[in-house]
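J.: Take this structure first; my questions come after.
Okay, structure coming up:
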């Protein structure tokens with residue numbers, strides 16, 4: 001699977017030599033109707049890791065999906081083009097909700113369970129969601145956020161915790177009687193329709209700026225499933241039925257990686273997901289051992305814990321193939337973590353991608369190995385370029401901004417023409433990430449823009465800056481990311497009177513208003529003035545230089 005590099009119309013194009021046929025069907029038809037020898041009616045797909053007696057098979061899943069779709073259509077009037085907000089911690093019944101919304105003709109808009117109520121309200125208004133459905137442990141967040149957005153009480157629901165799928169009104173705890181009737185989903189085969197019908201919205205900061213709603217189509221999710229899983233299925237099932245894919249659901253389904261990996265890809269692979277309600281490292285490694293997890297996707301901070309923790313002994317012996325994404329993983333950490341998996345024989349490979357690429361744009365096939373710290377090779381059906389700041393293709397081996405195109409690329413951001421014009425140039429999606437190509441693989445260099453990635457989750461400095469300057473005792477502010485162990489931590493530089501407000505007070509004030517991953521874990525530093533260009537742009541490079549000087553002074 002060598003990457004092909006070719007000159008075309010004065011451009012340097014990088015592409016995979018592989019092509020995969022992508023069927024012209026909707027997502028639910030792709031997953032549940034098309035012939036799939038790995039997926040039988042009695043195949044167990046989703047299990048509660050804390051109580052494995054609670055599980056759901058394909059046949060029960062499809063029945064519950066159709067009943068929920070009937071309820072959404074006939075009680076809540078959810079139809080084509082309508083949006084339903086979902087907020088979930090790890091719950092084995094979450095796929096019923098995701099698929100049920102799509103079966104009713106709607107689109108899923110997925111909020112992080114660590115969002116603040118005001119963030120949930122903004123997201124509901126951004127996508128014009130008609131209702132909210134959440135997991136039972138965060139109904140208070142759904143009620144506060146949904147009410148702030150103007151949703152009526154009977155449109156804010158949570159699912160039950162029983163073996164059967166249940167719905168309750170979040171404010172009153174009144175159980176709803178689900179329709180005994182079923183609504184089958186509409187089969188769609190028109191390619192243009194599939195490319196433009198939004199299956200889900202993922203809230204992202206794009207390549208820079210305030211949060212946006214990324215439109216992920218049915219066609220995007222099907223293409224992503226095929227591009228990522230086909231090489232893996234071929235490797236493990238080359239001589240007929242092979243390894244049963246067992247994974248642990250520990251990443252938020254609000255983010256494209258968790259949603260695509262657990263709710264789409266794993267179903268297509270006929271695998272089972274053991275869902276953890278919340279991540280805890282001890283439970284994480286114990287569950288991997290207990291359920292003999294052999295296929296997993298996680299993020300660099302977790303692999304860093306695996307590499308360094310003395311608690312990890314034989315817990316990961318069952319793992320054969322592991323993927324990491326969301327941020328760059330250092331080569332040394334990758335090697336050390338890999339030693340603890342599969343008795344040292346597993347493969348830990350890096351992927352690279354964004355919400356806008358429906359997760360992974362690169363993949364290392366299982367039959368290959370890599371210990372160089374690369375982010376692997378482009379997946380099938382996709383192409384890339386590397387360009388300089390003027391949009392000119394750089395020489396092979398030189399770093400440049402990654403431009404992408406292919407069937408997994410989003411059609412853009414919902415109702416945001418300005419962001420779409422900035423992100424797309426002549427059919428290419430401009431990622432804002434700088435990579436280089438060497439020896440057949442891609443290597444992550446840095447981000448062209450200022451986005452901070454805390455444990456793989458995007459944090460927009462502009463959003464935190466806009467919040468900070470609303471404080472009456474803060475005159476000006478800038479936010480950058482500083483190095484933490486295996487991740488970036490948001491740090492604020494503020495212009496304020498230290499006798500009037502402390503750094504700790506500022507951190508707490510921000511923490512009370514934002515999602516957990518946006519907290520100022522990198523600290524608050526007082527400064528006389530925020531360095532800015534004549535046009536008013538914050539000179540973040542000056543702040544980064546200040547960080548380096550501070551680090552040097554401590555040596």
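Numbering (UniProt numbering), first residue to last: 1 to 555. We treat Cβ as the ideally placed atom computed from N, Cα and C, and that holds for glycine.
Between the Cα of residue 171 and the Cα atoms of 489, 138, 187, 479, which residue gives the shortest distance?
T.: Checked all of 489, 138, 187, 479; the closest Cα to residue 171 is 138.
J.: Around the C-beta of residue 551, are 16 or more other C-beta atoms found within 10 angstroms, so that it is buried, or is it exposed?
T.: When all chains shown are included, residue 551 counts as exposed.
J.: If you draw a straight line from the alpha carbon of residue 357 to that of residue 501, how long is it in whole angstroms?
T.: In a straight line, the C-alpha of residue 357 is about 42 Å away from that of residue 501.
J.: With a 10 Å radius around its C-beta and 16 neighbouring C-beta atoms as the bar for buried, classify residue 15 as buried or exposed.
T.: Its Cβ being crowded by 16 or more others within 10 Å, residue 15 is buried.
J.: Output the distance between the C-alpha atoms of residue 397 and residue 360, rounded to the nearest integer angstrom.
T.: When rounded, the distance between both Cα atoms is 22 Å.
J.: Within this structure, are the beta carbons of residue 496 and residue 479 separated by less than 7 Å?
T.: Contact flag unset, no.
J.: Please list, in chain order, all residues of the same chain as residue 529 whose beta carbon is under 8 Å from its beta carbon, the five residues on each side excluded.
T.: Cβ neighbours of residue 529 beyond the five flanking positions: 476, 495.
J.: Three or more C-beta pairs closer than 8 Å, one from the stretch 241–257 and one from the stretch 296–311: is that the case here?
T.: Verdict: yes, contact present.
J.: Give the straight-line distance between the Cα atoms of residue 333 and residue 128, rounded to the nearest whole angstrom.
T.: For residue 333 and residue 128, the distance between alpha carbons rounds to 42 Å.
J.: Per the DSSP calculation, residue 297 is bridged to which residue(s)?
T.: DSSP output for residue 297 lists 323 as bridge partner(s).
J.: Would you mind listing the alpha helix (DSSP H) stretches within the stretch 445–503 that are 4+ residues and don't spill past its ends, in chain order?
T.: List check, alpha helix (DSSP H) in window: 461–468.
J.: Is it buried or exposed for residue 548, if we count other Cβ within 10 angstroms and need 16 for buried?
T.: It counts as exposed.
J.: With which residues is residue 573 paired in a DSSP beta bridge?
T.: A question about residue 573 goes unanswered here, because the residues of the chain that appear run from 1 up to 555.
J.: For residue 269 and residue 233, which I take to be in contact (beta-carbon distance under 8 Å), what is that distance rounded to the nearest angstrom?
T.: That pair is a contact at about 6 Å.
J.: By a C-beta neighbour count over all protein chains shown, 10 Å radius and 16 as the cutoff for buried, is residue 125 buried or exposed?
T.: Looking at its Cβ environment, which holds fewer than 16 other Cβ atoms inside 10 Å, residue 125 is exposed.
J.: Can you tell me whether residue 534 is buried or exposed? The criterion is at least 16 other CB atoms within 10 Å of its CB, across all chains shown.
T.: Note that residue 534 has pLDDT 48, beneath the 50 cutoff, so the model's placement of it is unreliable and the number below is only indicative. Label assigned to residue 534: exposed.
J.: In terms of alpha-carbon separation, which member of 291, 348, 107 lies closest to residue 53?
T.: Nearest C-alpha to residue 53: 291.
J.: Since residue 12 sits in a beta bridge, which residues does DSSP pair it with?
T.: DSSP, once it has assigned bridges, lists 7 as partnering residue 12.
J.: So what's residue 428 in DSSP terms, helix, strand or just coil?
T.: Residue 428 falls in the strand class under three-state DSSP.
J.: Rounded to the nearest angstrom, what separates residue 348 and residue 168 at their Cα positions?
T.: Going from the Cα of residue 348 to the Cα of residue 168 covers about 41 Å.
J.: Taking the straight line between their C-alpha atoms, what separation do you get for residue 457 and residue 514?
T.: Whole-angstrom Cα-Cα distance: 14 Å.
J.: Would you grab the beta carbon distance between residue 435 and residue 445 for me? Rounded to a whole angstrom, and I think it's under 8 Å.
T.: Yes, they are in contact, since the Cβ atoms of residue 435 and residue 445 sit about 6 Å apart, within 8 Å.
J.: Can you find the residues in the same chain that come closer than 6 Å, C-beta to C-beta, to residue 459, ignoring five residues on each side of it along the sequence?
T.: Answer for residue 459: 452, 490, 518, listed in chain order.
J.: Just to check my reading of the structure: residue 88 and residue 134 have Cβ atoms closer than 8 Å, yes? What is that Cβ distance to the nearest angstrom?
T.: Sure, about 6 Å apart at Cβ, within 8 Å.
J.: Using the three-state DSSP reduction, which class does residue 126 fall into: helix, strand or coil?
T.: Here residue 126 sits in helix by DSSP.
J.: As a quick exercise: from 400, 393, 510, 540, pick the residue whose alpha carbon is nearest that of residue 10.
T.: Checking every option, the nearest Cα to that of residue 10 belongs to 393.
J.: In terms of residue numbering, what span does the beta strand (DSSP E) encompassing residue 386 cover?
T.: That run of the beta strand (DSSP E) goes 383–387.
J.: With 16 as the cutoff for other CB atoms within 10 Å, does residue 485 come out buried or exposed?
T.: Flag for residue 485 reads exposed.
J.: Considering residue 226, what are the terminal residues of the alpha helix (DSSP H) in which it resides?
T.: Element bounds for residue 226: 218–236.
J.: Pairing CB atoms from the stretch 362–375 with CB atoms from the stretch 406–425, are three or more of them under 8 Å?
T.: Output reads no: the stretch 406–425 does not touch the stretch 362–375.
J.: So the beta strand (DSSP E) residue 165 belongs to, where does it begin and stop?
T.: Premise fails: residue 165 is in no beta strand (DSSP E) and is neither H nor E.
J.: With which residues is residue 249 paired in a DSSP beta bridge?
T.: DSSP output for residue 249 lists 275 as bridge partner(s).
J.: Thinking C-alpha only, which one of 352, 469, 196 is nearest residue 404?
T.: The candidate whose alpha carbon is nearest that of residue 404 is 352.
J.: Around the Cβ of residue 115, are there at least 16 other Cβ atoms within 10 angstroms (buried) or fewer (exposed)?
T.: Under this definition residue 115 is a buried residue.
J.: In whole angstroms, give me the CA-to-CA distance for residue 57 and residue 399.
T.: Rounded to the nearest angstrom, the two C-alpha atoms are 47 Å apart.
J.: Can you find the residues in the same chain that come closer than 6 Å, C-beta to C-beta, to residue 176, ignoring five residues on each side of it along the sequence?
T.: Excluding residues within five positions, the ones whose Cβ falls inside 6 Å are 167.
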